[in-house]
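Take a look at the structure below.
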Amino acid sequence: MDFCIFVKKKKNVIIPWSEFQCTSQQKVLIACSGGVDSMVLLHRAASFFSQLGVVVVHHGWRENADRDVELIRSVCDRLKVPVHVEFIPPTHWDNVQGSWELEARNLRYGIFERLMQEFRYEKVLLGHHRDDVVETVLMNQLRGTGLSGMKGIPGIRGPYVRPLISFPKSALLHFAKANAISWMDDETNDDVQFFRNKIRHRLMPVLEDVAPHASETMARNAWFMGLQNELMNELVDEKLPLRQVSFGFIIDLSGLQTIKNASMLLFMVLRRYGFSLEQCTDVLAHIGQKNKRWHAKNWQVVVVDQILQLGDFPSKEVEFEGTVKEWNEQFFPKISATLERGESVVVRNWKPGDRLEYTVGKHKKVSDFLPTKGIYGLEKDAVLVVEWSGMLVEILDIWTHPNWR
1409 MDFCIFVKKK
1419 KNVIIPWSEF
1429 QCTSQQKVLI
1439 ACSGGVDSMV
1449 LLHRAASFFS
1459 QLGVVVVHHG
1469 WRENADRDVE
1479 LIRSVCDRLK
1489 VPVHVEFIPP
1499 THWDNVQGSW
1509 ELEARNLRYG
1519 IFERLMQEFR
1529 YEKVLLGHHR
1539 DDVVETVLMN
1549 QLRGTGLSGM
1559 KGIPGIRGPY
1569 VRPLISFPKS
1579 ALLHFAKANA
1589 ISWMDDETND
1599 DVQFFRNKIR
1609 HRLMPVLEDV
1619 APHASETMAR
1629 NAWFMGLQNE
1639 LMNELVDEKL
1649 PLRQVSFGFI
1659 IDLSGLQTIK
1669 NASMLLFMVL
1679 RRYGFSLEQC
1689 TDVLAHIGQK
1699 NKRWHAKNWQ
1709 VVVVDQILQL
1719 GDFPSKEVEF
1729 EGTVKEWNEQ
1739 FFPKISATLE
1749 RGESVVVRNW
1759 KPGDRLEYTV
1769 GKHKKVSDFL
1779 PTKGIYGLEK
1789 DAVLVVEWSG
1799 MLVEILDIWT
1809 HPNWR
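Take 1409 as the starting number for the sequence shown in this note's numbering and just add one per residue.
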């Protein structure tokens, strides 16, 4: 669900909780930094929810972080709200390569997930506001993005809710001052070595000087782009559906080459998994082949004739050692070979060099046998064999040694 974040002159902070799928009886967790946005959110939420918790993450890199933690503790004590303080050791940052901002975000969300599971919180409330949306859109534009990157930050994404997404920061500051809400300014927000701060302190003032309502206009555009993106995704999923299978997903590519802008249609699906438009164009050029592969960070696709297979990268590996009974009680597919149920076997992915005895004294490589059954690509990668005393006695769901049928 997206929200209209075009708010011209909003001074009061009245949150329409029902629009964010929130009820007062839910148990929610607020991510609080001590800044004006999260402190306003804390006070607004405390007057609505009957079960509330707060988490503050001490990243271990700021001089004034201890001061922020103490402020949050004192406010939570006054509001009678439990607070979870999570410390990241300063030494953690010694070996971080790449963006500290991204690493900090990943750490925070890992903490949120753990606390939700441990304390049964139903939602996590985050303090992002309209200015954050505008900055995010500009960052995405400057890095290079499609339609999805122009919609900014959603109001709801799974259990994560951003109730302040329609309010400019100026409204939050006005509300905090009018209601004597204490907050702390994060000194790193002025450090322009961070990309977002460059946007906030250098680019936004120029844009507001050129077009005085630039922030409002871009926020409205982000909301509009979000609606367009939702509609586009619905149409794409209807035109090119993913079908779930044992190793991941498959997409039927038959007839796709006759569609105008077919590569963009395929990209609208595969971009969610990290693939580029160039890769999607190349995929279409190889329809009809077998075992041609493309990789993204965590996913891979394989073209097998008219079918595109999508699965994990690298492929998941299975390595089980135990009895037939233990396997059959816990896993699928079941071992059908007529071994004694108490005998120990190894169940694993097939590997190059594996051979099966298809008739007495005659062997065939598993790598050659599987294509005769029409098995290629990621489906082939996922094939499991059963090994007993160094001998292959079964390829699960496909073949069983004649002596154990």
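Where is the CB? At the ideal position from N, CA and C, for every residue including glycine.
Quantities reported herein were computed from a predicted structural model and do not represent experimental measurements.
Smallest Cα separation from Y1650: which of D1660, L1643, N1641, E1642? Sequence check: residue 1650 is Leu here, not Tyr. Comparing Cα-Cα distances from L1650 to each of D1660, L1643, N1641, E1642, the minimum goes to D1660.
Please report the straight-line C-alpha distance between P1576 and P1741, rounded to a whole angstrom. 55 Å
Could you tell me which of A1579, D1713, C1440, Y1517 sits nearest to G1782, measuring between CA atoms? D1713
Using a Cβ-Cβ cut-off of 7 Å (strictly less than) and excluding sequence neighbours within five positions of Q1697, which residues of its own chain qualify? V1711
Does the beta-carbon of G1552 have 16 or more other beta-carbons within 10 angstroms, so that it is buried, or is it exposed? exposed
On the criterion of 16 or more Cβ atoms from any shown chain inside 10 Å, does Q1717 qualify as buried, or is it exposed? buried
Could you tell me which residues DSSP pairs with E1815 in its beta bridges? The first residue shown for the chain is 1409 and the last is 1813, placing residue 1815 beyond what the model contains.
Would you grab the beta carbon distance between L1673 and K1647 for me? Rounded to a whole angstrom, and I think it's under 8 Å. 6 Å
Would you be able to state if there are at least three C-beta pairs under 8 Å between the segment 1682-1698 and the segment 1660-1670? yes
In the segment 1501-1531, which residue ranges form an unbroken alpha helix (DSSP H) of at least 4 residues, counting only runs that do not cross its ends? 1508-1527
Which listed residue (M1558, F1583, W1425, L1764) has its alpha carbon closest to that of G1798: L1764
If I'm right that P1816 touches L1747 with Cβ under 8 Å, what's the distance once you round it to whole angstroms? Look at the range of the chain in this structure, 1409 to 1813, and you will see that residue 1816 is not part of it.
Look up M1409 in the DSSP assignment and say whether it is helix, strand or coil. Residue confidence for M1409 is low, a pLDDT of 45 falling below 50, so the modelled location carries little weight; the figure read from the coordinates is stated next. Here M1409 sits in coil by DSSP.
Could you check which residue in N1736, Y1766, R1516, G1769 has the C-alpha nearest to that of V1754? N1736
Please work out which residues of its chain come closer than 8 Å, Cβ to Cβ, to S1432, disregarding the five sequence neighbours upstream and downstream, and give them in chain order. W1425, F1456, F1457, S1458
Please classify G1682 as buried or exposed, where buried requires at least 16 other C-beta atoms within 10 Å of its C-beta. exposed
Would you mind reading off the limits of the alpha helix (DSSP H) that contains W1631? 1622-1647
Can you tell me which residues form a DSSP beta bridge with T1808? E1802
To the nearest angstrom, how far is it from the Cα of H1492 to the Cα of S1574? 27 Å
Rounding to the nearest angstrom, what Cα-Cα distance links H1609 and D1594 in this structure? 14 Å
What first and last residue would you give for the alpha helix (DSSP H) that runs through R1452? 1444-1454
Between which residues of its own chain and L1555 is the CB-CB distance below 8 Å, once the five residues before and five after are set aside? M1633, Q1636, N1637, M1640
Strictly by DSSP, which residues pair up with T1553? For T1553, which the question treats as bridged, DSSP gives no partner whatsoever.
Check K1772 in the structure and name its three-state DSSP category. strand
Length of the line joining the Cα atoms of C1484 and V1436: 14 Å
Can you list, in chain order, the residues of its chain with a C-beta nearer than 7 Å to that of D1540? Leave out the 5 residues immediately preceding and following it. I1561
Which stretch, first to last residue, makes up the beta strand (DSSP E) that contains G1663? Careful: G1663 lies outside any beta strand (DSSP E) and carries neither H nor E.
C-alpha gap between D1445 and N1597, whole angstroms: 13 Å
Contact the segment 1502-1516 vs the segment 1585-1594: 3+ CB pairs below 8 Å: no
Is the beta carbon of V1545 less than 8 Å from the beta carbon of M1626? yes
The beta strand (DSSP E) enclosing F1495, as first and last residue numbers: 1491-1495
Less than 8 Å between the beta carbons of I1496 and L1515, yes or no? yes
With a threshold of 16 other CB atoms inside 10 Å of the CB of K1770, please say whether the residue is buried or exposed. exposed
If you follow the beta strand (DSSP E) that H1466 is in, where does it begin and where does it stop? 1459-1466
Residue ranges of each alpha helix (DSSP H) within the segment 1560-1605, 4 or longer: 1577-1586
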